[in-house]
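The structure appears right after this line, and notes come after that.
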């Protein structure tokens, strides 16, 4: 499994997340808002004047549902960043909307939700990702 940490300054690790300042985030990375993992689509920063701190607006997309939202805060606010794990697996069988697969490195069995638009067959290889205890198939081979 590949462990990816998004954000330079590392804060306290709580339930699969790290705390970082909003100013350290970049487009294409991930953050946690309302207990869901989001991909950052756009960051807008503005300084309101000589009094007050700079603000940042994050345009976000949920990595599991695809819903979009935004988050506004000062650039010094701390925000949670998920620890995302990625790996590959071999599909053993498909049962309804569940894909049963065996992790390629640990040989653990896992049950993943079927994704629309993917051509998944028994015996095939898939790429998966996990964030905040939720799994998703990100690619079929």
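Residue numbers (the working numbering): 87 to 227. Even for Gly, the Cβ is constructed at its ideal location relative to N, Cα and C. On a predicted model such as this, the values are computed, not experimentally measured, just so you know.
Check                                                                                                                                                                                            : Outcome
Identify, in the order they occur along the chain, each residue of the same chain with its Cβ nearer than 8 Å to the Cβ of residue 103, setting aside the five sequence neighbours on each side. : 118, 166, 167, 168, 169 and 218
Any contact between the stretch 196-204 and the stretch 156-163? By contact I mean 3 or more CB pairs, one from each, below 8 Å.                                                                 : no
Can you tell me where the beta strand (DSSP E) with residue 123 in it begins and where it stops?                                                                                                 : 122-132
Applying the 10 Å Cβ sphere with the 16-neighbour rule, what's the burial state of residue 194?                                                                                                  : exposed
Please confirm if the stretch 171-186 is in contact with the stretch 208-216, defined as three or more CB-CB distances below 8 Å between the two stretches.                                      : yes
With 16 as the cutoff for other CB atoms within 10 Å, does residue 223 come out buried or exposed?                                                                                               : buried
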